[in-house]
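Asker: Next up is a structure, given as structure tokens.
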Amino acid sequence: MILLKLLEQSFLGFISSAGFSILLLVPIKLAPYAGVSGMVGWVVYFVSTKLGLGVYFSNLLAAFFIEAISMYYARHKKCPATLFNIPGIVPLVPGAATYYMTYHLVMGSYLKGMYFMIRAGGIAVAIAAGLILYDACHRFYFRLRAKKL
64 MILLKLLEQS
74 FLGFISSAGF
84 SILLLVPIKL
94 APYAGVSGMV
104 GWVVYFVSTK
114 LGLGVYFSNL
124 LAAFFIEAIS
134 MYYARHKKCP
144 ATLFNIPGIV
154 PLVPGAATYY
164 MTYHLVMGSY
174 LKGMYFMIRA
184 GGIAVAIAAG
194 LILYDACHRF
204 YFRLRAKKL
């Protein structure tokens with residue numbers, strides 16, 4: 064049952080990222096790769112939340128893996144990594160938290176609105192931190208490798 068749920072989640076992550084990459088005018092031949100980056104990120108997020116790592120750390124970890132696979136595809140396909148990481152983070156974007164924030168602020172429930180604002184902001188920061196963390200590790204690794212050669 065868990066394997067079936069994991070396959071379902073990975074398929075949905077792939078479809079959402081590949082579909083969004085087409086909306087962003089990513090070349091059609093690269094859209095499946097953008098879909099795979101989103102699928103990997105969503106599976107990492109799904110598994111890490113099921114393991115109890117928390118929403119913020121799960122988003123950070125998923126964004127880290129999305130950036131890793133995006134950099135890999137960028138090197139091998141000789142194109143910018145943003146073609147893969149922007150559609151890849153689409154499944155992670157805190158749309159529900161943003162909706163509930165707006166809803167509660169409009170309805171006058173400011174405390175609940177602030178809660179969802181902090182939650183959406185925290186998730187956005189975690190996603191950005193995951194992308195930046197991998198980029199920093201990647202640059203550091205290649206600088207060390209260049210000095211040894």
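End of the sequence shown sits at 212 in the numbering used here; the numbers just go up one at a time, nothing left out.
All C-beta atoms, glycine included, are put in the ideal place defined by N, C-alpha and C.
Alpha carbon to alpha carbon, how far is residue 142 from residue 156?
Answerer: Position 79 of the sequence shown holds residue 142. Position 93 of the sequence shown holds residue 156. Cα-Cα distance, rounded: 24 Å.
Asker: Is the beta carbon of residue 190 sitting closer than 8 Å to the one on residue 131?
Answerer: As a working mapping, residue 190 is identified with position 127 in the sequence shown. As a working mapping, residue 131 is identified with position 68 in the sequence shown. No, they are not a contact pair.
Asker: Does DSSP classify residue 64 as helix, strand or coil?
Answerer: Here residue 64 refers to the residue found at position 1 of the sequence shown. The answer is coil: DSSP assigns residue 64 none of H, G, I, E or B.
Asker: Measuring CB atoms only, is the stretch 103–111 touching the stretch 69–80, in the sense that at least three cross pairs come out at less than 8 Å?
Answerer: Counting Cβ pairs under 8 Å, three or more are found: they touch.
Asker: Check whether the stretch 158–168 and the stretch 179–187 are in contact - that is, three or more C-beta pairs closer than 8 Å.
Answerer: Enough Cβ pairs lie closer than 8 Å, so yes.
Asker: Answer with buried or exposed for residue 151, where buried requires no fewer than 16 other C-beta atoms within 10 angstroms of its C-beta.
Answerer: Position 88 of the sequence shown holds residue 151. Buried is the call here.
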